[in-house]
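Here the structure is laid out as structure tokens; the discussion comes afterwards.
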Amino acid sequence: MSETPLNESVLNESEQVIPAGDVRAEYDRLVDEVRRYRFAYYNEDSPLVSDAEFDLLYRRLEELEQLHPEIVANDSPTQEVGGEVSAAFAPVIHLSRMYSLEDVFSLEELEAWVEKASANAAVQAPDQKLRWLSEVKIDGLAVNLLYRDGQLVRAATRGDGTTGEDVTHNVLTIKDIPQRLAGAGWPSEVEIRGEVFIPSEAFREFNRVLEEAGKAQLANPRNAAAGSLRQKDPAETAKRPLNMYVHGIGAREGLAAASQSETYELLRGWGLPVSPYSRVLDSLAEVLEYIREYGEKRHELIHEIDGIVIKADSFAIQRALGYTSRVPRWAAAYKYPPEEVHTRLLDIRVQVGRTGRVTPFGIMEPVKVAGSTVERATLHNQDVVKAKGVLIGDTVILRKAGDVIPEIVGPVLALREGHEDELREFVMPTHCPSCGTPLAPAKEGDVDIRCPNARSCPVQLTERVAHLAGRGAFDIEALGYEAAMALTSGPGPDPAELGGVVQPSGPGVITSEAQVFDLAAGNPDSALRERLADVVVWREKRSKGEGTGVFELVPYFWTKATAKTPSKPAANTEKLFRELEKAKAQPLWRVLVALSIRHVGPTASRALATRYGSMDAIRAAVAQETAREDLAHVDGVGPTIADALIEWFAVDWHRDIVDAWKDAGVLMADEAHADAPRHLEGLSIVVTGTLPNFSRDEAKEAIIVRGGKASGSVSKNTAFLVSGDAAGSKLDKAVSLGIPVLDEDGFRLLLDQGPDAFADAANDDGKTHAEDVEAHAEETETRA
Ligand SMILES: NC(=O)c1ccc[n+]([C@@H]2O[C@H](COP(=O)([O-])OP(=O)(O)OC[C@H]3O[C@@H](n4cnc5c(N)ncnc54)[C@H](O)[C@@H]3O)[C@@H](O)[C@H]2O)c1
Ligand SMILES: [Zn+2]
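Numbering (the UniProt record's numbering), first residue to last: 1 to 784.
What follows is the structure in structure tokens.
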């Protein structure tokens with residue numbers, strides 16, 4: 001947003017009677033902007049800015065008006081309900097006005113609002129109990145349905161609140177909206193308000209069909225619903241999966257209800273769709289809990305929501321509190337942090353992964369979305385880039401829903417006009433950006449393209465080294481991605497000449513992951529270690545905490561020499577040596593993960609380690625003629641993984657890695673495997689919470705080597721639950737199923753002596769739970 005912040009001198013002038021010229025200019029500009037954005041949003045159903053951005057501008061306008069009441073124009077957007085009536089539809093005057101909602105953007109603001117409303121209610125309707133009808137704020141658009149003598153006679157959009165657009169024919173195509181009210185007792189003339197929306201699931205499906213037809217997809221369910229309802233041709237509207245929930249009532253003379261929630265019950269009886277998510281709550285604390293609850297499950301609902309709405313439930317209180325020109329004083333909308341924002345797509349680059357896959361990703365102007373700052377998002381492959389229709393330079397819609405990774409949804413097409421010559425189409429490179437090898441799909445027909453130079457493509461090597469050090473592999477904390485990069489490539493050109501981008505290139509001191517363990521503490525004289533002294537990387541010079549744009553080469557693994565102290569390995573480098581030494585004793589499955597064999601992750605690796613116990617045994621198995629069958633029969637390994645293993649071990653330089661690690665002293669055999677008594681054979685054991693002396697992996701390991709099954713979920717087949725600190729729902733479930741629960745000491749006993757150690761923990765029938773489980777397992781087997 002190109003907003004100039006209010007500087008202090010301007011703020012101080014708020015004391016003066018005549019506002020400074022620049023405040024006036026700022027004000028006029030804001031009014032224009034808000035009008036223009038509203039028009040695009042309400043009348044054209046294609047917003048130019050994200051809601052978050054619009055809300056900020058709008059807030060700013062309100063703030064300016066508060067600071068400078070004398071400049072407020074009569075027709076200021078803050079005095080009006082959003083939309084205008086488009087000439088494409090006949091105007092309809094609502095019998096009773098439609099309003100917008102007062103927005104609050106933080107829980108503190110909501111609390112303040114509730115406090116004020118409660119105080120007013122206490123004064124103006126002292127005999128009424130204030131309860132909050134809490135509803136989700138549906139991301140759709142409002143309609144007003146007029147029923148006369150139970151017959152739907154007219155449907156209109158909200159428009160400017162007084163006059164809406166006649167969309168009767170379109171609304172008649174929405175199956176959920178009854179054309180005749182059921183039951184009895186409806187007033188002879190009643191206006192029912194609700195939100196028309198497209199259910200999330202139907203929206204995804206609708207977009208999938210558009211995508212298959214090669215058509216542009218709809219950006220979000222709100223605009224899609226609005227666009228669908230405001231079609232000129234009702235037959236077109238009929239094709240859209242529209243739905244509605246009621247959320248209010250307008251003209252209603254003779255309605256027999258004292259509260260809004262009671263009204264909803266009546267409406268339900270008349271066959272109108274009522275939201276399943278509304279709740280009447282007694283206190284602010286309950287409202288806050290409601291907000292938290294729906295914030296967590298907002299993506300599991302039937303439709304998208306952008307907040308929650310609270311309304312004083314009692315009609316008497318609603319009447320007593322009344323309305324401003326724009327909003328009711330008895331309701332407020334709390335908005336969740338935005339999950340959809342607009343930003344500029346600055347570039348599309350490609351990245352080469354650990355297995356050579358080349359993926360394009362977008363680089364964007366950093367923006368905050370769903371609570372975190374985002375500047376990159378993957379675009380998966382060239383087909384996806386094409387399908388999304390984005391050009392470099394576009395303003396794009398960026399979405400990050402909850403914990404989901406950020407996604408570029410598509411371009412804001414309306415903003416292209418006049419900027420066409422700044423836009424550029426993405427072209428997938430034909431050669432690897434890292435090593436120059438021609439790129440190709442692994443198999444004909446694959447969408448993904450790859451760099452086939454797996455062995456010495458620098459980026460692939462860097463990725464593999466970083467991966468082998470990862471938490472799920474050798475777990476070498478001092479070898480993160482940066483260190484892996486410093487080991488495997490040269491510093492590259494001066495970033496100052498690349499616009500500040502650090503782009504390491506050229507050979508590093510390590511040319512294969514086979515060499516990594518040469519650096520371990522147990523190998524103090526290795527030539528490789530000496531060479532670490534020469535590894536340098538580019539660092540930006542900083543001054544007073546700010547970057548200067550000037551870069552210098554600094555040693556990465558060794559300290560900088562000063563007049564007094566000569567250069568020596570840095571503390572973190574010493575740590576790297578020690579961790580490598582320690583990692584040599586890691587269990588076999590971790591070594592397997594570390595090898596970057598396609599499809600071979602922790603689960604398959606564990607299964608292989610349990611079955612074979614040593615790298616030698618695995619190599620022997622892979623070399624058999626019946627290897628494919630043998631491997632595929634291991635529990636947790638299938639034909640895909642079996643093939644991947646056979647293929648991998650067929651390559652010389654792969655086997656060289658295994659040999660080199662072995663020579664460097666990596667264990668590659670689970671001693672426990674041979675020695676451990678297999679007295680947990682056939683037992684399913686679940687570990688939950690944190691144990692003082694076992695990591696989750698160690699606990700699983702200990703179970704598996706003794707023949708047990710380390711399971712992730714509790715069921716009646718679970719033999720034992722091992723429960724540490726902060727155990728949650730699994731503990732509750734185990735207790736409710738009567739499954740024995742062990743703490744760490746109990747777990748040790750189980751590991752040492754097997755289930756017999758708990759024989760006296762018998763059930764009513766005299767059998768231990770473990771016996772029950774075994775009996776049950778047998779039963780199911782016999783049945784099978
Ligand atoms: N991106 C843009 O350019 C742009 C422009 C204008 C407005 N907007 C967005 O539109 C909104 C402002 O529009 P507004 O004036 O319609 O106000 P609003 O959306 O904040 O609130 C009022 C509306 O909420 C809807 N609503 C949904 N669930 C409801 C429920 N349970 N009870 C009552 N009402 C419910 C109704 O349609 C009602 O008219 C803001 O979110 C703003 O960001 C965006
Ligand atoms: Zn390459």
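Beta carbons are placed, not taken as given, at the ideal position from N, Cα and C, and that holds for glycine.
Residues that ILE363 bridges to, as DSSP identifies them: Looking at the DSSP assignment, ILE363 forms a beta bridge with ASP347 and ARG376.
message: At a cut-off of 7 Å, would you count GLU422 as near ligand 4, judging by its Cβ distance to the nearest heavy atom?
response: The model on display carries ligand 1 and ligand 2 but not ligand 4.
message: Which runs of the alpha helix (DSSP H) at least 4 residues long sit entirely within the stretch 607-666? Give them in chain order.
response: With a minimum length of 4 residues, the unbroken runs of alpha helix (DSSP H) contained wholly in the stretch 607-666 fall at 615-623, 627-632, 639-649 and 652-663.
message: Quick check on THR343: buried or exposed, where buried means 16 or more other Cβ atoms within 10 Å of its Cβ?
response: Counting of Cβ neighbours within 10 angstroms places THR343 among the buried residues, the total reaching 16 or more.
Burial state of ARG706 (16 or more Cβ within 10 Å): Classification for ARG706: buried.
query: Between LEU229, PRO178, ASN170 and GLN179, which lies nearest to ILE198 when the distance is taken from Cα to Cα?
result: Check the Cα spacing between ILE198 and each of LEU229, PRO178, ASN170 and GLN179: the tightest is with LEU229.
- prompt: Is ILE138 near ligand 1, with its Cβ less than 7 Å from a heavy atom?
  reply: Yes, the beta carbon of ILE138 sits closer than 7 Å to at least one heavy atom of ligand 1.
- request: Take GLY250 as the anchor and find which of TYR264, LEU242, ASP732 and ALA377 has the nearest alpha-carbon.
  value: Closest option to GLY250, Cα to Cα, is TYR264.
- prompt: Roughly how many whole angstroms lie between the Cα atoms of VAL72 and GLU65?
  reply: Their Cα atoms are separated by approximately 6 Å.
Collapsed DSSP secondary structure at ARG252 in the structure displayed: Coil.
task: Buried or exposed for ILE685, please, with buried defined as at least 16 other CB atoms from any protein chain shown within 10 angstroms of its CB.
output: Label assigned to ILE685: buried.
- prompt: Taking just the CA atoms, how far does ARG180 sit from ALA370?
  reply: Cα to Cα, the separation comes out at about 42 Å.
query: Would DSSP call ASP149 helix, strand or coil?
result: In the three-state reduction of the DSSP assignment, ASP149 falls in the coil class.
- prompt: What does DSSP give as the partner residues of VAL358 in its beta bridges?
  reply: In the DSSP output, where bridge partners are listed per residue, VAL358 has VAL352 and ILE449.
- prompt: Can you tell me whether ALA726 is buried or exposed, with buried defined as 16 or more other CB within 10 angstroms of its CB?
  reply: Burial is judged here by how many other beta carbons sit within 10 angstroms of a residue's own beta carbon; ALA726 has fewer than 16 and is exposed.
Cutoff 6 Å; reference LEU461; Cβ partners in own chain excluding five residues on either side: Cβ within range, chain order: THR488.
message: Looking at the secondary structure, which residues open and close the alpha helix (DSSP H) in which PHE474 lies?
response: From DSSP, PHE474 is part of no alpha helix (DSSP H); its letter is neither H nor E.
- prompt: Less than 8 Å separating the beta-carbons of VAL658 and ALA604?
  reply: Taking the C-beta atoms as reference points, ALA604 is found no nearer than 8 Å to VAL658.
- request: Consider the C-beta atom of GLN460 and the heavy atoms of ligand 2; say whether any pair is separated by less than 7 Å.
  value: Under cutoff, so the answer is yes.
- prompt: Apart from the five residues on each side of it in sequence, which residues of its chain come closer than 7 Å, Cβ to Cβ, to GLU211?
  reply: Within the same chain, GLU211 has close Cβ partners GLN217 and ALA387.
message: If contacts are defined as beta-carbon pairs under 8 Å, then ILE310 and TRP132 qualify, I think. What distance do you get, rounded to the angstrom?
response: Confirmed, about 5 Å.
- prompt: What whole-angstrom Cβ distance do TRP270 and ALA332 have, given they're in contact under 8 Å?
  reply: About 28 Å; that fails the 8 Å criterion.
query: For VAL722, which residues does DSSP report across the bridge?
result: DSSP output for VAL722 lists VAL687 and LEU742 as bridge partner(s).
- prompt: Span of the beta strand (DSSP E) holding PHE197?
  reply: In the DSSP assignment, PHE197 falls within the beta strand (DSSP E) that extends over 189-197.
field: Spatially closest choice to ARG354 from PRO429, LYS368, GLU289 and VAL465, by CA coordinates
entry: Of the candidates PRO429, LYS368, GLU289 and VAL465, the one whose C-alpha sits nearest the C-alpha of ARG354 is VAL465.
- request: Note down, in chain order, each residue of its chain lying with its Cβ closer than 8 Å to the Cβ of VAL34, except the 5 sequence neighbours on either side.
  value: The beta carbon of VAL34 lies closer than 8 Å to those of PHE54, LEU57, TYR58, LEU61 and PRO77 in the same chain, with the five residues before and after it left out.
message: Please state the DSSP three-state secondary structure of ILE510.
response: DSSP, reduced to helix, strand and coil, places ILE510 outside both helices and strands of the structure shown, so it counts as coil.
field: Beta carbon of ALA483 nearer than 8 Å to that of PHE551
entry: The beta carbons of ALA483 and PHE551 sit no closer together than 8 Å.
message: Checking 8 Å against the spacing of the C-beta atoms, do VAL136 and TYR336 come in under that value?
response: No, they are not a contact pair.
query: Going by beta carbon distance, what residues of the same chain come within less than 7 Å of ALA442, once the five residues before and after it are set aside?
result: Within its own chain, the residues whose Cβ lies closer than 7 Å to the Cβ of ALA442, once the five positions on either side in sequence are excluded, are ARG450, listed in chain order.
query: Counting along the chain, where does the beta strand (DSSP E) carrying PRO555 start and finish?
result: Secondary structure note for PRO555: its beta strand (DSSP E) is the uninterrupted segment 546-555.
field: 7 Å Cβ shell around residue 791 - same chain, five flanking residues per side excluded
entry: This structure leaves residue 791 out entirely; the chain is present only between 1 and 784.
query: Is DSSP giving PRO221 helix, strand or coil here?
result: It is helical.
- request: In the DSSP assignment, find the unbroken alpha helix (DSSP H) run with VAL92 in it and report its ends.
  value: Per DSSP, VAL92 lies in no alpha helix (DSSP H); the unbroken beta strand (DSSP E) holding it starts and ends at 91-93.
query: By DSSP, does THR395 sit in helix, in strand, or in coil?
result: Strand.
- prompt: Just to confirm, are residue 789 and ALA257 a CB contact at a threshold of 8 Å?
  reply: Missing from the structure shown is residue 789; the chain here goes from 1 to 784 and no further.
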